[in-house]
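Some notes on the structure that comes next.
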Amino acid sequence: FEIAVAAAFRTLGFEAQHLGGPGKADVVASAYLGDESFSLVIDPKTGQPGVPRSSLNYPPIKTHQEENAADYALVVAEGFAGGDTVTFAISQKVGLLETKLLVRLVEESARAGLSLYKLKEIFSQVGLLAPKLDEYLAPFKDMHKGLVAVLEIFEQYQRKEETETSLEAKAIHMALKVGKNKVPPSYIQYSLELLANPLVGILEKRGEGYVMVLPASLAYRRFQVLSQSLTGLNFDL
């Protein structure tokens, strides 16, 4: 379990070491954010399936935190009892991380990556960790939908009508406003700037607007090339 937890934190973008052994922290994980870098000592706990942890020995955890100069301390277990268990964790400034939340974080990180700043916000909490992940992820999902909607607008109003007239952000917003996809103006602008970036090159700036220079059906190829160029990228920290 300790090895699996260390692997999970590496997936989240940490440099994580499984130490273990007498007198040592089980897992130490570090996230590098320049002046805002932070580290964790992590104590994974196994137990009977379906039985929440209620008795935790905090002094060794705090000792490991001090020895490793870690900013935060976490206990990872399948579940935790409420009441005094959570209250005492808060008094000891220790976070309680349920495995189902760790799995969710790993899944979201594997899908699209999670900001280390957001993870710092989560892991710096004490007591039972219960971040509102859906609220955090909603804007990103909406922006992805907005990107597709913008491409559809160009395909519908520019390419299929065989016109070279550029489309401005305001016109796109109005077109989406009356359709099924209601996209905030800021998300439209983000999409236009991304698609017109020379690294992507699906749109080009023309006057005050943009024109599509690559069919939407082939747009994925540009992103695929970028993805492939980053696949296997590894920086030794």
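Just so you know, we're using the working numbering here: the sequence shown kicks off at 3 and counts up by one. Where a beta carbon is used, it is the ideal one built from N, C-alpha and C, also for glycine. If you're wondering where the values come from, they're calculated on a predicted model, not measured in any experiment.
How about residue i and residue j: are their beta carbons less than 7 Å apart?
i	j	result
V7	V29	yes
A31	A10	no
A75	V105	no
S111	T13	yes
V77	L98	yes
Nearest by alpha-carbon distance to residue i: which of the options is it?
i	options	result
V96	L130, G85, D86 and R113	L130
L121	I5, L232, L35 and E4	L35
V128	V150, H146 and V88	V88
P2	E100, V150 and S188	Nothing can be reported for residue 2: it is not among the residues displayed for the chain, which extend from 3 to 239.
F40	D86, Y119, A173 and L98	Y119
R47	P133, K64, F82 and H66	For the sequence presented, residue 47 should be read as Lys rather than Arg. That would be F82, whose Cα lies nearest to the Cα of K47.
K147	T167, Y189, K26 and K64	Y189
N59	A91, A71 and E38	A91
So, at 6 Å on beta carbons, what are the nonlocal neighbours of residue i in its own chain, with the 5 sequence-adjacent residues on each side left out?
i	result
G22	E4 and D28
E210	E170
L1	What the structure shows of the chain is the stretch from 3 to 239, and residue 1 is not part of that stretch, so it cannot be assessed.
Q67	V43 and A75
Q94	Y60
Could you pull out every residue in the same chain whose Cβ sits closer than 7 Å to the Cβ of residue i, ignoring the five residues on either side in sequence?
i	result
D86	none
F16	A31, S32 and A33
L103	L131
H133	Per the sequence shown, the amino acid found at residue 133 is Pro instead of His. Once the five neighbours on either side are set aside, the close Cβ partners of P133 are I124.
L239	Bear in mind that a pLDDT of 40 at L239, under 50, signals an unreliable position, so the model cannot answer this.
Locate the alpha helix (DSSP H) running through residue i, then write down its first and last residues.
i	result
L135	L135 to F156
V108	T101 to A114
K179	A171 to K179
Chain C beta carbons: is any one of them nearer than 7 Å to that of residue i?
i	result
V152	Any reference to chain C falls outside this structure, which holds one protein chain only.
Mind checking which residues open and close the beta strand (DSSP E) that includes residue i?
i	result
Y34	Unbroken run through Y34: none, as it is neither H nor E.
A75	Y74 to A79
Y212	G211 to M214
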